[in-house]
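Asks: According to our numbering, the residues represented by the sequence shown are 74 to 350, in order. Cβ atoms here follow ideal geometry from the backbone N, Cα and C, with glycine treated the same way. Quick one: this structure, given as structure tokens, is what I'll be asking you about.
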Amino acid sequence: MSRPVVVCCAITGSRPRKADNPAVPVAPAEQVESAQDAFESGATLLHLHVRDDDENPSFDPDRFAFVMDGVARYCPGMVVELSTGGVDGAPSQRLAMLPLRPEMVALAPGSFNMPGGVYLNPPAVVHELGQAVVRLGIKPTLELFDLSMLYATAALIGQGLLPERPHFHIVLGGQAALPARRQVLDFMVAEIRDLFPDASWMASGLGSHQDLVMDWALSLGGHIRTGLEDNVRLTRHALAESNGQLVRRAVARCTDYGCRPASVAETRRMLGLPEYA
74 MSRPVVVCCA
84 ITGSRPRKAD
94 NPAVPVAPAE
104 QVESAQDAFE
114 SGATLLHLHV
124 RDDDENPSFD
134 PDRFAFVMDG
144 VARYCPGMVV
154 ELSTGGVDGA
164 PSQRLAMLPL
174 RPEMVALAPG
184 SFNMPGGVYL
194 NPPAVVHELG
204 QAVVRLGIKP
214 TLELFDLSML
224 YATAALIGQG
234 LLPERPHFHI
244 VLGGQAALPA
254 RRQVLDFMVA
264 EIRDLFPDAS
274 WMASGLGSHQ
284 DLVMDWALSL
294 GGHIRTGLED
304 NVRLTRHALA
314 ESNGQLVRRA
324 VARCTDYGCR
334 PASVAETRRM
344 LGLPEYA
């Protein structure tokens with residue numbers, strides 16, 4: 074019997090712009106349409122950033138709410154995971170959308186260098202985000218950009234600042250972060266299984282590493298992520314036409330490993346979320 078795999082689609086992100094690829098959905102209505110295309114193509118987990126009218130990263134709760142409402146209407150049962158990062162922001166900004174009670178939020182449990190500066194997640198911000206997630210009963214996705222973040226997560230759980238069964242997202246191929254090397258992913262997955270036996274995990278590769286890392290994750294029994302946030306190209310010489318196109322390519326890769334895209338019910342069960350009513 075084929076193994077169900079959660080396919081996550083990161084439709085927008087905080088960095089790609091329409092100048093990079095006109096298909097990047099920026100306006101909330103565009104994001105709803107793109108999410109529906111991804112859902113109908115096989116994605117059951119939506120990773121969501123929002124932008125302002127100038128395409129700059131935003132934490133505007135109204136924009137998040139618009140997309141969440143549209144996804145609930147057109148993508149029944151799809152899990153929405155809101156980003157709390159991607160840009161610098163005070164805790165009050167990064168917490169502003171949490172009263173919307175998304176089922177999941179993504180947060181990085183530490184800081185790391187980027188080509189243009191520092192992706193800043195100081196302990197006070199991480200602690201405040203973690204406490205809010207626990208208080209509101211939201212499932213966290215811990216985004217791992219380096220090895221230390223895995224052990225930082227263990228410490229946060231030990232302090233009661235994060236729930237005991239997190240979902241991990243291993244990010245490979247970013248400059249000055251974890252490289253896209255198979256032995257790195259092997260080690261990260263082994264450590265997750267040792268430290269967090271009940272946790273679920275997915276991996277993604279940035280840019281040209283996207284397909285390769287999907288193959289590795291599928292072969293190791295994990296879940297996968299695709300989308301225009303991570304990669305605006307279909308091939309070296311061709312831009313992706315849509316998030317749906319990238320999801321369909323990810324789904325096709327699943328079959329190569331005896332897998333299939335998980336249903337809404339399977340996704341929720343594997344991520345430890347309530348059934349869709």
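#1: Check the C-beta distance from L168 over to A205 and give it rounded, since I have them as a contact under 8 Å.
#2: In chain order, which continuous runs of the beta strand (DSSP E) of length 3 or greater are located wholly inside the stretch 246-295?
#3: Just grab the DSSP bridge partners of S131 for me.
#4: H310 by DSSP, collapsed to three states: which one?
#5: Going along the chain, which residues of its own chain have a beta-carbon closer than 7 Å to the beta-carbon of E352, five neighbours each way excluded?
#6: For a minimum of 4 consecutive residues, which ranges assigned as the alpha helix (DSSP H) are wholly contained in the stretch 173-248?
#7: Using three-state DSSP, classify R341 as helix, strand or coil.
#8: Short check: CB of V140 to CB of Q104, under 8 Å?
#9: Assign L118 to buried or exposed, taking buried as 16 or more other Cβ atoms, counted over all protein chains shown, within 10 Å of its Cβ.
#10: Would you report the Cα separation of R124 and R238, rounded to the nearest angstrom?
#11: Here's the rule: buried if 16 or more other CB atoms are within 10 angstroms of the residue's CB, otherwise exposed. What is T214?
#12: Can you tell me whether E302 is helix, strand or coil according to DSSP?
#13: Whole angstroms are fine: how far does the CA of P101 sit from the CA of F137?
#14: Whole angstroms are fine: how far does the CA of R174 sit from the CA of V207?
#15: Using the rule of at least 16 other Cβ atoms within 10 Å of the residue's Cβ for burial, across every protein chain shown, is K91 buried or exposed?
Replies: On the basis of the data shown:
#1: As a working note, residue 168 is residue 95 in the sequence shown. As a working note, residue 205 is residue 132 in the sequence shown. The pair is a contact, with the Cβ atoms about 5 Å apart (cut-off 8 Å).
#2: 273-278
#3: Against the sequence shown, residue 131 aligns to sequence position 58. Its beta-bridge partners are V123.
#4: Looking up residue 310 in the sequence shown gives position 237. The answer is coil: DSSP assigns H310 none of H, G, I, E or B.
#5: With the chain represented from 74 up to 350, any question about residue 352 goes unanswered, as that position is not in the structure.
#6: 196-209, 221-231
#7: Within the sequence shown, the letter at position 268 stands for residue 341. Looking at R341 - three-state DSSP - the assignment turns out to be helix.
#8: As a first step, residue 140 is located in the sequence shown; it is residue number 67 there, counting from the start. As a first step, residue 104 is located in the sequence shown; it is residue number 31 there, counting from the start. Yes, the pair counts as a contact, with Cβ atoms nearer than the cut-off.
#9: Here the question's residue 118 lines up with position 45 in the sequence shown. With 16 or more other Cβ atoms within 10 Å, it is buried.
#10: As a working note, residue 124 is residue 51 in the sequence shown. As a working note, residue 238 is residue 165 in the sequence shown. Each residue's alpha carbon lies about 30 Å from the other.
#11: As a first step, residue 214 is located in the sequence shown; it is residue number 141 there, counting from the start. By the neighbour-count rule (16 or more Cβ atoms within 10 Å), T214 is buried.
#12: On the sequence shown, position 229 is the one that residue 302 refers to. Note: E302 maps to coil in three-state DSSP.
#13: If you number the sequence shown from 1, residue 137 lands on position 64. If you number the sequence shown from 1, residue 101 lands on position 28. Going by the C-alpha atoms only, they are around 8 Å apart.
#14: Position 134 of the sequence shown, counted from the start, is the residue given in the question as residue 207. Position 101 of the sequence shown, counted from the start, is the residue given in the question as residue 174. Between V207 and R174, the C-alpha separation is close to 12 Å.
#15: Counted from its first residue, the sequence shown places residue 91 at position 18. Exposed, by the Cβ-count rule.
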